[in-house]
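Structure first, commentary second.
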Amino acid sequence: MSAAARRARKWLRMISTCRPVHASTRQPGRQSVHLSGCLPVFLTVCLTACLTACLTVLMTAHAAHATGPEPAMHQPQAVSQIVPQTIPRPGAPAGGPTEAPGTANATPEAVAQSVADSKVQTLANAIAARGVQDGRHLVLLLHSYEQGMGRVRELTDTVERMLAPVDNHIALRVENLDSKRVHTPEYLDAFAALLALKYARRPPTLILTSDDDALDFLETHHAALFPGVPVLFCGVNHFQDGLATSIPRLSGVLSTFSARETALTMLDMHPGTRQIYLVNDHTEIGQAVARDVRGQLANLPGGVQVHEFPPLPFDDLLSRLATLPPDAAVLLGVYFVDSVGYATTFEDMGARISAAARVPVHCLVDLNLNGAVVGGKVSGATLQAEALGRMALRVISGTRAEDIPIQKEGVNRYVYRAPALERWGIAEGRLPSGSTVIDHPFSLYRTYRPQINVLILFVVSLASTIAVLAYMMRRRAASERQLRRLRNLLANTLDSMPSAIVGVSPEGLVTHWNRRAADATGQEPHEAVGRPLGEVFPRLEKLTPLVFEALKDGQVRDGQRLLRPDGDMVRYEDVTVFPLVANGTQGAVIRVDDVTERERIREMMIQTEKMLTVGGLAAGMAHEINNPLGGILQAVQNMRRRVETGRPVNDTAAREAGLTMEQVRGYLERREILRMLDDIAASGARAAHIVANMLDFSRRTDGEFMPQDLHRLIENTLELAANDYDLKKLYDFRTLRVVRHYSPMLPQVPCLATEVEQVLLNLFKNAAQALAAGPPPDGAPPTLTIRTERHHDLVAVTVSDNGPGMTPEVRARVFDPFYTTKPPGEGTGLGLSVSYFLITHNHGGSFALHSEPGKGAHFTFTLPLRQR
């Protein structure tokens, strides 16, 4: 009997013994079993049993399909995810059971794999022991290409599976050179600088690379970036022995192409083939592969000719493939980018090339096994990554990398697609020994009809049983409805209270527990009732003596305040104890009120007073700055006059010095001193203008609503933001692109100019900080957009940025007082909450926010044209 069936029988027995429990017979402190609650529980159990049975059948089907003699797939799968189907040699007896690896009839490949797995486990155990003593090993995996490529993802997943970072105390870091897209010397130098910065404090203990470009990069930069760190590579097509000089501690797995074996198998499958057309791209890697393949295909039997395509756009290549003669076949090597730079995935290339060609298409890379590609002896990312992972485990466990021989062969295997074999009429018996056949058509019902029929019968029986039991339970539940109504009324009354209400007995045991108390503690009422107060509400444990005092003298105890940490903030709670001494009932009711918001408002008022004081100090400093500014501007003006020509006093002084004023002025112009005087005058005038703005900003506190030009207020605030010290130091507001969309017919708005400017300044600063924290995801320049519009009797101002946006959690709390996402010391968390208060309370407007991750933030506030 299955586990699901046993659970169902257990619940059937329990439900069959259910009886109504009346209030008069219920024991204190115990809860009754209600039949109305049994129905959903029983239905849930039945559904769970049904789903468990379904999953059991499907898992059995999947296991049988994966290990059976004829694997079949609905969709093409990566070769690394398929259990190989061994094809016997021609003439070998077919049928009969397949013995598991490790038996007397196991193939040499299976025995070797079993031995390798045993060694990997032994090495993993050794690494785990070292990791406990020496700490975590930092392993850097450097890919040549972007992470979005299927090959790169497969390599990463396989290496992570082989290394088992958590179990082996390994910290795996992945970097992508992305050399298919950018391969300039400047980019490579910048990438090297990035790695140097990232791993300066903790360099890796081992470096793993995939494909040629990553290893070439390390050949140039290894000595400077990671001197002495061992390097293991995989997927390298063209290994040079000189690498041992630049990277002394080096080993890895070479990526070789079995072009000749694939071509010979192709000729055997298609006897009429007289021409083979090679398809490779014209990148450095593609041409290197082409040279290797040409060398392997020399002197093919039967006088078969080998042709190559010139550099072509991809569409032209497809057109040429569609016109190949019937005696031709296509061998797909490495094709990723066409002659005009169009690039796509290996999977897509295989599907489109095989769809365009009217002749058989075989391949050398497993990622091309898609569409109508037949197959071949392919190079697989998973096999190379597994070999790389085993080498990495050996190095981490203590073996020197240079002592591990470079693996040059043994990582390619024959893989073919069943639909393509059927299309070209190729029997599986003609395939090379040890071939893997993937993508067989598969019918679940036809293969597993008995199991599915049993499942259907079980579901029908289960549904009938559920219907009968549901009818019986509905009748039995009628006697409890009135009791439930009474209990629900009491529970709803307590749950509607805004405070946490807890009833306790004279012994300190919980007797009542409302919903707010459950939310505050995470303890449901049925879990809390009957237990000690300090056990279910720990922060009230120290108040237990107050309960006994209240019971003793019958007086209310209040004025107790508790502080409770809540994430990044502290919450305040006031506790009041009410004694219950009427009608023979003894005990107490404890009420817990959350007064955090009230406390926050008090703190906000204190902070506002501090900000007003700082504003007064700033105004005083501005007055003091005006005096030296006036002296500077006056001195510049006098200097200009004393170098002007045509003034007798200047001419006399020049003659006494043995010069003319023209000579003096010529010298000053050649040395650009006059231009410097102009710059000093302009800078001084600008500083005076900024000081005037600051004084104007600090003075306008009359508290009266006056019609204001909203566009002028925006421009003044932009100028203040551009000269804000914190913004220039940390966020450089002036580097932002400001886009203005002003309504041309916007009337003057009655408002407090100082408060509106304060709101605008907060929004501008937040936008600059957001853009500095995370640049625009689409690569666009950091942009601040300001829009004004009129909607009937309202004027709307929208301040938008194209920064990283906000998550729903941040967006929900952005207007809360003292909530900030900045590091400690860089923000009070009051800017937006104060702005919200100024607009909604002081001006009777509205304040809204729209933001999504990666789509920037859009703050919109409205001001009425007619004040209350």
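Residue numbers (this note's numbering): 108 to 975.
Glycine included, each C-beta is placed from N, C-alpha and C at the ideal position.
State yes or no: is the C-beta of V743 within less than 8 Å of the C-beta of L784?
One thing to note: V743 has its Cβ within 8 Å of the Cβ of L784.
Sort G482, S486, E763, T312 by Cα distance to G342 and report the nearest one.
The shortest Cα separation from G342 among G482, S486, E763, T312 belongs to S486.
Just mark E862 as buried or exposed, buried being the case when its beta carbon has 16 or more other beta carbons within 10 Å.
By the neighbour-count definition (other C-beta atoms within 10 Å, threshold 16), E862 is a buried residue.
My assumption, with CB atoms under 8 Å, is that A331 sits in contact with S353. Please give the rounded CB distance.
Going by Cβ atoms, the distance from A331 to S353 rounds to 11 Å, so no, they are not a contact pair.
Under 8 Å, do N519 and T363 count as touching if we go by C-beta distance?
Taking 8 Å as the Cβ cut-off, N519 and T363 qualify as a contacting pair.
DSSP three-state call for I697: helix, strand or coil?
Strand, per DSSP.
Using the Cα positions of F333 and L339, report the straight-line distance between them to the nearest angstrom.
One C-alpha to the other measures close to 13 Å.
Answer yes or no: does any C-beta atom of chain C fall closer than 8 Å to that of Q491?
The displayed structure is made up of one protein chain only, and chain C is not part of it.
Opposing strand residues paired with W620 [DSSP bridges]:
The bridge partners DSSP lists for W620 are V609.
Measuring only the C-alpha atoms, how far is A887 from R844?
Using only the alpha carbons, I get a separation of about 10 Å.
Which residue from Y552, V522, L670 puts its Cα closest to that of G541?
Nearest Cα to G541 within the set Y552, V522, L670: V522.
Sort R772, R762, S586, G727 by Cα distance to V798 and report the nearest one.
Relative to V798, the option among R772, R762, S586, G727 whose CA is nearest is G727.
Looking only at its own chain, which residues have a Cβ that is under 7 Å from the Cβ of A211, when we skip the five neighbours before and after it?
With a pLDDT of only 36 at A211, under 50, the local geometry of the prediction cannot be trusted, and no value is derived from it.
So is A494 buried or exposed if we call it buried at 16+ other beta carbons inside 10 Å?
A494 counts as buried, since no fewer than 16 other beta carbons sit within 10 angstroms of its beta carbon.
Using the three-state DSSP reduction, which class does Y523 fall into: helix, strand or coil?
Strand.
Please report the distance separating the alpha-carbon of L248 from that of D264.
Those two C-alpha atoms are separated by around 11 Å.
Is the beta carbon of A625 less than 8 Å from the beta carbon of E631?
For A625 and E631, yes; Cβs fall inside 8 Å.
Take every Cβ of the stretch 749–760, pair it with every Cβ of the stretch 697–712, and state whether three or more of those distances are shorter than 8 Å.
Touching, no, given that fewer than three Cβ pairs across the two stretches are closer than 8 Å.
Per-residue burial, P652 [other beta carbons within 10 Å of its own, 16 or more giving buried]:
In this structure P652 is exposed. Its beta-carbon is surrounded by fewer than 16 other beta-carbon atoms within 10 angstroms.
Less than 8 Å separating the beta-carbons of R243 and H276?
In contact: R243 and H276 (Cβ atoms closer than 8 Å).
Using DSSP bridges, identify the partner residues of Q382.
The partner list for Q382 (beta bridge, DSSP) reads Q412, A435.
Can you name the start and end residues of the alpha helix (DSSP H) that L825 belongs to?
Judged by DSSP secondary structure, L825 falls within the alpha helix (DSSP H) whose first and last residues are 817–829.
With a threshold of 6 Å on Cβ separation, who are the neighbours of Y849 within its own chain once the five nearest residues in sequence on each side are excluded?
The beta carbon of Y849 sits closer than 6 Å to the beta carbons of H818, T895 from its chain, once the five residues preceding and following it are set aside; these are given in chain order.
Whose C-alpha, out of P645, E864, P311, V771, is nearest the C-alpha of E282?
Closest option to E282, Cα to Cα, is P311.
Is the Cβ-Cβ distance between P884 and L972 less than 8 Å?
Not in contact: P884 and L972 (Cβ atoms no closer than 8 Å).
Taking C-beta to C-beta, are V441 and V396 nearer than 8 Å?
The answer is yes: Cβ separation under 8 Å.
If the criterion is Cβ atoms closer than 8 Å, does the pair T618 and G629 meet it?
For the pair T618 and G629, the CB atoms are not nearer than the 8 Å cut-off.
Quick one: grab the DSSP three-state call for G402.
It is helical.
Burial state of P613, where buried means 16 or more other Cβ atoms lie within 10 Å
Flag for P613 reads exposed.
Can you list the beta strand (DSSP E) stretches of 3 or more residues lying completely in the stretch 300–384, in chain order?
DSSP runs (the beta strand (DSSP E)) wholly in the stretch 300–384: 313–317, 338–343, 357–361.
Which whole-angstrom value is the C-beta distance of G482 and H469, which I expect to be below 8 Å?
By a beta-carbon distance limit of 8 Å, G482 contacts H469. Their separation comes to about 6 Å.
Between which two residues does the alpha helix (DSSP H) harbouring I559 extend?
Start and end: 556–584.
Taking the straight line between their C-alpha atoms, what separation do you get for E648 and D660?
Cα atoms of E648 and D660: separation of roughly 20 Å, rounded to the nearest angstrom.
Tell me the rounded alpha-carbon separation between S370 and P882.
According to the sequence as given, residue 370 is Ala; it is not Ser. A straight-line Cα-Cα distance of about 51 Å links A370 and P882.
Any idea what DSSP makes of E614, helix, strand or coil?
Looking at E614 - three-state DSSP - the assignment turns out to be coil, as it is neither helix nor strand.
V976 and V902 closer than 8 Å at C-beta
Because the chain is modelled from 108 through 975, residue 976 falls outside the range shown and cannot be assessed.
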